[in-house]
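Engineer: Residues in the sequence shown are numbered from 1206 upward in steps of one, following the working numbering. The beta carbon of each residue, even a glycine, is placed where N, CA and C say it ideally should be. One structure follows; several queries about it will come next.
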Amino acid sequence: MSIIGTRAEIHLDAIAHNLQELRRITRPESSIMAVVKADGYGHGAMEIAKTALNKGANALGVARLIEGIKLRESGIDKPILIFGYTPPDDTDKLLYYNLTQTIGYPELAERYSHAAGKQGATLKAHLKIDSGMGRLGFLIDPLSAENQENMYSRLIQKISAIIRLPHLFIEGIYTHFASADHRDKTIAIRQFALFRNLLDQLSRTTSFQAMIHHAANSAAIIDMPETHMDMVRAGIALYGLYPSQEMDREKINLRPVMELKTNILHLKKVPKGFSVSYGGTWKAPKQTIIATIPLGYADGYSRLLSSKGFMLVCGKKAPVVGRVCMDLIMLDVGEIPEACINDEVVVFGKQNAASIAVDEIAETIGTINYEIVSTISSRVPRIFHE
1206 MSIIGTRAEI
1216 HLDAIAHNLQ
1226 ELRRITRPES
1236 SIMAVVKADG
1246 YGHGAMEIAK
1256 TALNKGANAL
1266 GVARLIEGIK
1276 LRESGIDKPI
1286 LIFGYTPPDD
1296 TDKLLYYNLT
1306 QTIGYPELAE
1316 RYSHAAGKQG
1326 ATLKAHLKID
1336 SGMGRLGFLI
1346 DPLSAENQEN
1356 MYSRLIQKIS
1366 AIIRLPHLFI
1376 EGIYTHFASA
1386 DHRDKTIAIR
1396 QFALFRNLLD
1406 QLSRTTSFQA
1416 MIHHAANSAA
1426 IIDMPETHMD
1436 MVRAGIALYG
1446 LYPSQEMDRE
1456 KINLRPVMEL
1466 KTNILHLKKV
1476 PKGFSVSYGG
1486 TWKAPKQTII
1496 ATIPLGYADG
1506 YSRLLSSKGF
1516 MLVCGKKAPV
1526 VGRVCMDLIM
1536 LDVGEIPEAC
1546 INDEVVVFGK
1556 QNAASIAVDE
1566 IAETIGTINY
1576 EIVSTISSRV
1586 PRIFHE
């Protein structure tokens, strides 16, 4: 039996299940955008996108131009929205690949319109409204000393001017919640109220046209149905992970899509007091067996898990001992005498009756599940299961 090696196993049937669950709790009038940025949160954007679209998603969301281009080159023809910045000099690529660009300030809109005009074309775009995230977008500032009516009036003037630009088609307008994944929804509710107020005032202007309105991310899809509007954006939930530990998990049954696995490369008995890995930070408290596996921080397993993490071997938890190396990790399998070279090791996922959740790893090092899956590096092959 040969060593299979480190791999991320991607269960596409779980994507289909999660999308079905998201569709079940989303209002029927709302379309679903599958967010596949960062290579589908580390899962493989092309395969995830095609599965999601085949199972009912209506559009795709990405962060960068290159991500949209790769999806188009894979044969996908559904709408693709770029959330992030694209240099106006690349407007020709946006047009050629029929990508929809987010616009967050007037000068950028003017430059896109000018560039599209040179091509004799019209660029599709969505306007981004900053209702409290503090990143990109036209700012609605509830803390401004300016009269709120004047603030909205100035913002509407800017948006109306953009709508009138000759080579832009403003297809949609959206905002993003900063804390919809918190148990206390006060901030998210306030953000949504600001956004709705803007839309209400825009609807009274003569230059306003029908647009796709969207605000709900995964957390809001689950916990804030009033925010579903014309479209929802399914990100982390699509991959079977809950946006935070504060979510109401009774509302939706999600299945993790990714399992990270490897195999035992080497076994050795070591005496009490033997030190393992760089710096000798871990010493064997008694005679034990050390298993070496071909996985390291270059594969996306955080060095912060040194002597803190656990993996599954023969259905039992084996502790990570010593510092995580770039390409290798050592486990103490002294309590698992049946462990053999080539045996499967589950980094996260299920093995027999045992499991290690992505959330468990994230909590150990003080981060979020998004980071754990999205930083699994490209040298780890993705194995797709239908």
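Where does the unbroken beta strand (DSSP E) through Pro1311 begin, and where does it stop?
Structural biologist: DSSP places Pro1311 in no beta strand (DSSP E) but in the uninterrupted alpha helix (DSSP H) bounded by 1311-1323.
Engineer: For Gly1309 and Gln1406, what's the separation of their Cα atoms in angstroms?
Structural biologist: 19 angstroms
Engineer: I need the straight-line Cα distance from Asp1548 to Gly1210, nearest angstrom please.
Structural biologist: For Asp1548 and Gly1210, the distance between alpha carbons rounds to 10 angstroms.
Engineer: At the level of alpha carbons, what is the spacing between Ser1583 and Arg1212?
Structural biologist: 10 angstroms
Engineer: Helix, strand or coil for Gln1362, going by three-state DSSP, please let me know.
Structural biologist: helix
Engineer: Who are the near neighbours of Ile1581 in its chain, counting only those whose CB is closer than 8 angstroms to its CB and skipping five residues on each side?
Structural biologist: If we look at Ile1581 and ignore the five residues flanking it on each side, its Cβ neighbours are Ala1213, Gly1247, Met1463, Leu1465, Asp1504, Gly1505.
Engineer: Rounded to a whole number of angstroms, what is the C-alpha to C-alpha distance between Ala1562 and Pro1284?
Structural biologist: 33 angstroms
Engineer: Helix, strand or coil, according to DSSP, for Tyr1301 in the structure here?
Structural biologist: Tyr1301 falls in the helix class under three-state DSSP.
Engineer: Under DSSP, the alpha helix (DSSP H) around Val1585 begins and ends at which residues?
Structural biologist: Segment: none, Val1585 is in no alpha helix (DSSP H) and carries neither H nor E.
Engineer: Taking the straight line between their C-alpha atoms, what separation do you get for Met1206 and Leu1533?
Structural biologist: Reliability fails at Met1206, whose pLDDT of 40 lies under 50, so the model's placement of it is uncertain and the value that follows must be treated cautiously. C-alpha separation (whole angstroms): 21 angstroms.
Engineer: So, helix, strand or coil for Lys1521, using DSSP?
Structural biologist: DSSP places Lys1521 in strand when its eight states are reduced to three.
Engineer: Relative to the C-alpha of Met1448, which candidate in Ala1558, Val1526, Ile1573, Ile1541 has its C-alpha closest?
Structural biologist: Looking at the sequence itself, residue 1448 is Pro, so the reference to Met does not match. If we check each option's Cα against that of Pro1448, Ile1573 comes out closest.
Engineer: Please confirm whether Ile1577 and Ile1566 have their CB atoms less than 8 angstroms apart.
Structural biologist: yes
Engineer: Reducing DSSP to helix, strand and coil, say where Ala1330 ends up.
Structural biologist: For Ala1330, the secondary structure class from DSSP, reduced to helix, strand or coil, is strand.
Engineer: Spatial neighbours of Asn1458 within its chain, please: CB distance less than 7 angstroms, with the 5 preceding and 5 following residues excluded, ordered by chain position.
Structural biologist: Closer than 7 angstroms at the Cβ level, and outside the excluded window around Asn1458, lie Glu1226.
Engineer: Does DSSP put Glu1431 in a helix, a strand or coil?
Structural biologist: helix
Engineer: Can you tell me the Cα-Cα spacing of Lys1298 and Lys1473, whole angstroms?
Structural biologist: 55 angstroms
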